[in-house]
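Notes to accompany the following structure.
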Amino acid sequence: MEALSLGIFIVPTIVLTLVVLLYFHFAKQVRDKKIYRNYIIRVAVIAFSVNFIWEVLQGPLYEGFEYDWQHISFCALASIADMLMVLILFFGFALVYRNVNWVMNVDFEIIVPLILVGSVGAIFGEIWHLAHGDWSYAEAMPLIPIIEIGISPLLQFALLPYMIFLSSKRFIPETDLEK
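For what it's worth, the numbering used here labels the leading residue of the sequence shown as 931, then goes sequentially.
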């Protein structure tokens, strides 16, 4: 990891703006705004926490990573961006299914697109960050042939969003987000 570039903040800033706009868009459509707000906060907290653990554990797969303040701080910053991407997935699927309560009915027809969208996002994100020198892989990082990106960051966005939505949905009664 080199010095942080301004470019590393552009996508998260755009995503944060979209998350805020989509949050308010769907807030108009729910019956109980307090339950909705608490649910989104829960998703955000779980997403940050799980991604932070993942980021710290995969740290040694990146060039120059050490368990010091600088690198742990970078993991926290990356986890905020990861959390925002999870929220974009949540709201994006809510737009597609025209229902903020879509997580209550997750089945194979939803899981597959969620994994595909998360994977494609991870691939493009890794290609972008590697090309811009935001980070580079250590020799220990297993790579996906042809596209030469790390398996760990791909699995992170292929698997974690579904696990986050699955674990967070048990905190909300099924009918409380519907109008």
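Note that the Cβ used here is the ideal one computed from N, Cα and C, for glycine as well.
Within the same chain, Cβ atoms closer than 8 Å to the Cβ of I1002 are found at V986, the five residues on either side in sequence being excluded. Distances from the alpha-carbon of L991 to those of F1038, R961, P1083, F978 put P1083 closest.
Per DSSP, reduced to three states, the secondary structure at Y1067 is strand. Where L1025 is concerned, the enclosing alpha helix (DSSP H) starts and stops at 999 to 1027.
Ranking P1075, W1032, G1080, E1078 by CA distance to the CA of F1095 puts W1032 first. Beta-carbon to beta-carbon, V973 and V1016 are separated by about 7 Å, close enough to satisfy the 8 Å threshold.
Contact between I1018 and L1090 does not hold, since the beta-carbon distance rounds to 14 Å and is not under 8 Å. I1057 is not a Cβ neighbour of I1074, given a cutoff of 9 Å. The alpha-carbon of I1040 is positioned some 17 Å away from that of R1100.
Annotation for Q959: no alpha helix (DSSP H) segment contains it, and DSSP assigns it neither H nor E. Around the Cβ of L1046, a 10 Å sphere holds fewer than 16 other Cβ atoms; the residue is exposed.
About 7 Å separates the beta carbons of I1010 and F978, which is inside the 8 Å limit, making them a contact pair. Across the structure, E993 and A1068 are spaced so that their CA atoms are roughly 4 Å apart.
DSSP, read as helix, strand or coil, puts G994 in coil.
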